[in-house]
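Undergrad:
There are 2 protein chains.
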Amino acid sequence: MKIASVTLHPIAIADPPLRSSYGLHAPFALRTIVELKTDDGITGVSETYGGDVPLAALQAVSQRVVGMDPFQLAGLFEDLTARAAPAGESVPGGRSQTFLVPGENPLDLNTRTFAAIEIACLDIIGKAVNRPVCDVIGGRVRDEVSFSAYLFYKHGGGGGVGTDKREDEYGEVLSAPATVREAKQMIARYGFREIKLKGGVLEPDEEIESIRQLRQEFGPNVPLRIDPNCAWSVDTSVRVGEELREELSNGGYLEDPCPELEGMGEVRRRLLAQGITTAFGSNVAVTSFPDLPKAKQLDAVQIVLSDPHYWGGMRQVQLLSHFCGVMGMGHSMHSNSHLGVSMMAMTHVAAACPNLTYACDTHYPWQTEQDEVVVGGRIKFHNGAVRIPDKPGLGVELDYDQVARGRERYNAIPYRKRDDTAEMRAHVDPNWERVLPRW
Amino acid sequence: MKIASVTLHPIAIADPPLRSSYGLHAPFALRTIVELKTDDGITGVSETYGGDVPLAALQAVSQRVVGMDPFQLAGLFEDLTARAAPAGESVPGGRSQTFLVPGENPLDLNTRTFAAIEIACLDIIGKAVNRPVCDVIGGRVRDEVSFSAYLFYKHGGGGGVGTDKREDEYGEVLSAPATVREAKQMIARYGFREIKLKGGVLEPDEEIESIRQLRQEFGPNVPLRIDPNCAWSVDTSVRVGEELREELSNGGYLEDPCPELEGMGEVRRRLLAQGITTAFGSNVAVTSFPDLPKAKQLDAVQIVLSDPHYWGGMRQVQLLSHFCGVMGMGHSMHSNSHLGVSMMAMTHVAAACPNLTYACDTHYPWQTEQDEVVVGGRIKFHNGAVRIPDKPGLGVELDYDQVARGRERYNAIPYRKRDDTAEMRAHVDPNWERVLPRW
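Keeping their order, the protein sequence lines are chains B and U. Its first residue numbered 1, the first sequence is counted upward by one per residue in this note's numbering. Its first residue numbered 1001, the second sequence is counted upward by one per residue in this note's numbering.
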């Protein structure tokens, strides 16, 4: 069994006007659907970041992939990562992606490219051996994976533009009461049992109030998290930690409150000195294995949010999860705007990580049926969890009509790169800049 | 595909009178060959420690294994290790196996049991998908794995007893010149390019002299290691480190010179203070994941010698190897007296570990063709390396006549547990005791 062809489908999917410290989501998010076919007729699929850079990287590796045995993944990883993390490459803020939106960090370009190939190869292997992917990579430790209600502050109006506009079921959410309303709607629909709020958008006091009202509404058995994506100074982070010491306990955490590991380590020390043990999660200060020893040494991060898309695929996430367990750290999962192929990749790897200690993130509720590319429509949640399907591989097949529509949308829009700053300037504030820390 | 039957073959294999700080090897080593058959007729094999305790543990888990999907390994691991490391279990010297021969540490009984099942399941999976095991677990990063010439001080006479006595190609080796002779013989026969000497047997000055003469004979391009299995005090370890500062450089290391991580950490500090950077390996002070953070914190160990047999199988060794890489530690592999099934399990997992930084240990040259249980006879070395065969699974099949002979030997001998102290008392010194540190 060899890989006979690589087909790349650049698509665009509607995305609502969600806010974060990076700025504003564009009306369409970019994704790439990767389709590998073997010489014996098996098709494997994956989904990854979209736009010119990811697409070019995947095109560049296609020659290496055609003719490859899909089992020979470690060799491909070595080939790709030997070229990764070039010493000379300059990234503002160092190795971390503090100043970069996920999917745009040049230092993890090659692990992203590998991941897209690996996941499609694992889909092939699963189909070849008639087993779900979670069982191909070591075996499941759970049959379903819990996700969080991922709340965003947002402007009114759904994703898309013009005749390709989506409905907006949540409306404008720019206050604490609106956040509670959004949470109630999302939980009623999907059954989530944990909540994460994307912060770094409103004044810290309004975000603190949002968390307090969420706790009041849902009680102490629904864990709460807030993620301002480094928008706060060390002092502000300490103040939020103090104010929310109760609300972020019981399975909650504070995620990337301020820039860089040193800052988070200082916040941690100052909170611990007051007896506040709130855990810190990260998918900004920690985005690669070399970040981990320092994160541990500084006690800056207690929970790593992995992501198969940029950590280098499913097996790298398993390695990360295990590493975290040995070091006494927790493990959960980050996401970006995505469709059902990514949803299932995240679910399969999460099912095969013994040390998964929190419900995973997913943007999936923010996408719509109209954009889904998997046969049978959107992946279903049951009480906030996604079940491992009783099907081989990832358990999804491409709906090629839907892929074609995604590609039409991609062709119809001008942008080829996520740029939340440009959107912010175009629609909210022409002078907007990403300032870290903002508060 | 389900596992339909578990067959356990307790066997005994001749072992020469090798010495270590544990005492003297008995004339026969005990092994267990594990054979799993699936309902669709595939047979998977593995090899592990022998005697009553390993056998009883494997018998106890057989009920759990029959009916299992061989892909569902993580669930079995969780079931077994949840019962492992019971807090109340008392082990002299704490968690480490300083005072226990490998395979006899009650705290890793369950990871040993799991490993034997996992490796046989991976052999099944490899056969089912027509791929070598190294490719089933992520893909090879090398097509052959290098092993060391594993030198022992020894008494004259081969393994076995009476009519079942083996020839002794190496004779008595209880001096530095005899060690060089042993090394030359072994390298001429197998082509090894690195050398490890099991120490802790003669006076430290004679062992230092052995290393010096090995360096003189083979030159600086053949890395040298010495492993006294904790026989030395901190002071003696420092002295040996000083005396062999040149000889143990260039890819060499000093392995478990003294008991416990604290001791090794102190030796390390005292040597570093003199600018001596000799790396320390360990498979005694570090035998499980919980040992690693402390080993790193104390800088007591720079190279972990894994072993799929007691670390919990192939995937746990991959996790360990990767962990070591992230923490800036090297990784090599430990062995015990074994046959070709273990040889291939070690080779496959080593081929699938990117962070394998030294030639692996193997006792294999100390066993003989007469005891081998794999079809076609003993595994071949090419320039000190074993190649991944172009066959599915581990690439070996059982020779049932040879297995039956091994079982006859097992039935003919009285002992059911490795006891190097008893052998030492019976054949060398009736008053011998294992004293740590001895020098």
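From the three backbone atoms N, C-alpha and C, an ideal C-beta is built for every residue, glycine too. Quick caveat: nothing in here was measured; it's all calculated off a predicted structure.
Hey, which unbroken runs of the beta strand (DSSP E) at 3 residues or more fall wholly within the segment 1175-1219 of chain U?
TA: For the segment 1175-1219 of chain U, whole beta strand (DSSP E) runs of length 3 or above, ordered along the chain, are 1195-1198.
Undergrad: At which residues does the alpha helix (DSSP H) containing U:Y1310 begin and terminate?
TA: Start and end: P1308 to W1311.
Undergrad: Confirm, please, whether the CB-CB distance from B:V341 to B:V375 is below 7 angstroms.
TA: No, Cβ-Cβ distance for B:V375 and B:V341 is not below 7 angstroms.
Undergrad: Whose C-beta lies closer than 7 angstroms to the C-beta of B:V286 among residues of the same chain, with five residues either side of it excluded?
TA: Excluding positions up to five away in sequence, the list reads L292, A295, V301 and V304.
Undergrad: Given that B:F71 touches chain U, what residues does it touch there, using C-beta distances under 8 angstroms?
TA: Within 8 angstroms Cβ-Cβ: V1129, R1131, D1135, V1136 and G1139.
Undergrad: Identify each residue in the segment 298-331 of chain B for which the Cβ-Cβ distance to at least one residue of chain U is less than 7 angstroms, and report them in chain order.
TA: Cβ contacts with chain U come from R315, L319, H322, F323, V326 and M327.
Undergrad: At 3 residues or longer, what runs of the beta strand (DSSP E) sit wholly inside the segment 1267-1349 of chain U?
TA: Fully enclosed beta strand (DSSP E) runs of 3 or longer: 1280-1282, 1303-1306 and 1330-1333.
Undergrad: Can you pull the DSSP bridge partners for B:R19?
TA: Answer by DSSP bridge pairing, in chain order: B:L24.
Undergrad: Tell me which residues share the same chain as B:H322 and place their Cβ nearer than 7 angstroms to its Cβ, disregarding the 5 neighbours each side in the sequence.
TA: Taken in chain order, the residues that qualify are N355.
Undergrad: Taking Cβ-Cβ distances shorter than 9 angstroms, what residues in chain B pair up with U:L1292?
TA: The answer, in chain order, is V326 and M327.
Undergrad: What in chain U is Cβ-close to B:N75, meaning under 8 angstroms?
TA: Correcting the residue type first, residue 75 of chain B is Gly in the shown sequence and not Asn. Going along chain U in sequence order, the residues near B:G75 (Cβ under 8 angstroms) are G1139, R1140 and V1141.
Undergrad: Residues in its own chain within less than 7 angstroms of B:N229 by CB, not counting five upstream and five downstream?
TA: These residues qualify, in order along the chain: S20, S21, Y22, G200, D256 and V284.
Undergrad: Does the beta-carbon of U:R1189 have 16 or more other beta-carbons within 10 angstroms, so that it is buried, or is it exposed?
TA: Under this definition U:R1189 is an exposed residue.
Undergrad: Going by beta carbon distance, what residues of the same chain come within less than 8 angstroms of B:V65, once the five residues before and after it are set aside?
TA: Within the same chain, B:V65 has close Cβ partners I3, V6, L36, L76 and I117.
Undergrad: Just checking B:H427 against the ligand SAM - is the residue's beta carbon closer than 6 angstroms to any of the ligand's heavy atoms?
TA: The ligand SAM is absent from the structure shown, which contains no ligand whatsoever.
Undergrad: Any beta carbon of chain B sitting closer than 7 angstroms to that of U:P1017?
TA: It does not: the Cβ of U:P1017 has no partner Cβ on chain B nearer than 7 angstroms.
Undergrad: If the criterion is Cβ atoms closer than 7 angstroms, does the pair B:G441 and B:E172 meet it?
TA: This structure gives no information on residue 441 of chain B, because the portion of chain B shown stretches from 1 to 439.
Undergrad: Against chain U, which members of the segment 348-367 of chain B pass a CB distance test of less than 7 angstroms?
TA: Going along the segment 348-367 of chain B in chain order, one finds A352 and P354 with a Cβ nearer than 7 angstroms to chain U.
Undergrad: For the beta strand (DSSP E) that U:D1256 lies in, which residues bound it at each end?
TA: Premise fails: U:D1256 is in no beta strand (DSSP E) and is neither H nor E.
Undergrad: Using a Cβ cut-off of 7 angstroms (strictly closer), state whether B:F114 contacts chain U.
TA: For B:F114, the answer is no, since every Cβ of chain U falls outside 7 angstroms of its Cβ.
Undergrad: Are the C-beta atoms of U:F1381 and some chain B residue less than 7 angstroms apart?
TA: No, no contact with chain B.
Undergrad: What does the alpha-carbon distance come out to for the pair U:D1399 and B:I379?
TA: In a straight line, the C-alpha of U:D1399 is about 50 angstroms away from that of B:I379.
Undergrad: Counting only Cβ pairs nearer than 8 angstroms, list the residues of chain U close to B:E78.
TA: Simply V1141 and P1354.
Undergrad: Taking the alpha carbon of B:W232 as the reference point, which residue from B:Y253, B:E203, B:L214 and B:R245 has its own alpha carbon closest?
TA: It is B:E203 whose Cα lies nearest to the Cα of B:W232.
Undergrad: Please give the ranges of any alpha helix (DSSP H) in the segment 1101-1133 of chain U, keeping only runs that are unbroken, at least 4 residues long and fully inside the region.
TA: If we require 4 residues or more, the alpha helix (DSSP H) runs fully inside the segment 1101-1133 of chain U come out as 1109-1129.
Undergrad: Compute the beta-carbon to beta-carbon distance between U:A1012 and U:G1312, rounded to the nearest angstrom, for a pair I have assumed lies under 8 angstroms.
TA: Contact flag wrong, Cβ pair sits at about 25 angstroms.
Undergrad: Just to confirm my understanding: we take B:M450, look at its own chain, exclude 5 residues before and 5 after, and list those with CB closer than 6 angstroms. What are they?
TA: Not covered by the structure: residue 450 of chain B. The range shown for chain B is 1 to 439.
Undergrad: According to the neighbour-count rule (16 or more other Cβ atoms, all chains shown, within 10 Å of its Cβ), is B:G160 buried or exposed?
TA: B:G160 is buried by the Cβ-count criterion.
Undergrad: When you compare each of U:A1029, U:F1280 and U:A1149 to U:N1383 by their alpha carbons, which one comes out closest?
TA: Answer by Cα proximity: U:A1149.
Undergrad: To which residues of the same chain is B:A57 closer than 8 angstroms at the C-beta, ignoring the five residues directly before and after it?
TA: Cβ neighbours of B:A57 beyond the five flanking positions: L109, N110, R112 and T113.
Undergrad: Using the beta-carbon of each residue, which ones in chain B are nearer than 9 angstroms to U:F1289?
TA: Near U:F1289 (Cβ distances below 9 angstroms), the residues of chain B are H322, G325 and V326.
Undergrad: Look at B:E423 and B:L24 and say whether their C-beta atoms are less than 7 angstroms apart.
TA: It is a contact, given that the beta carbons lie within the stated cut-off.
Undergrad: If you measure between the beta carbons of B:P70 and B:C134, is that distance less than 7 angstroms?
TA: No.
Undergrad: Note down the Cα distance separating U:E1243 from U:N1431, rounded to an integer number of angstroms.
TA: So the two alpha carbons sit approximately 32 angstroms from each other.
Undergrad: Can you tell me where the alpha helix (DSSP H) holding U:F1077 begins and where it ends?
TA: Where U:F1077 is concerned, the enclosing alpha helix (DSSP H) stretches over L1073 to T1081.
Undergrad: To the nearest angstrom, how far is it from the Cα of B:V34 to the Cα of B:G50?
TA: Cα-Cα distance, rounded: 11 angstroms.
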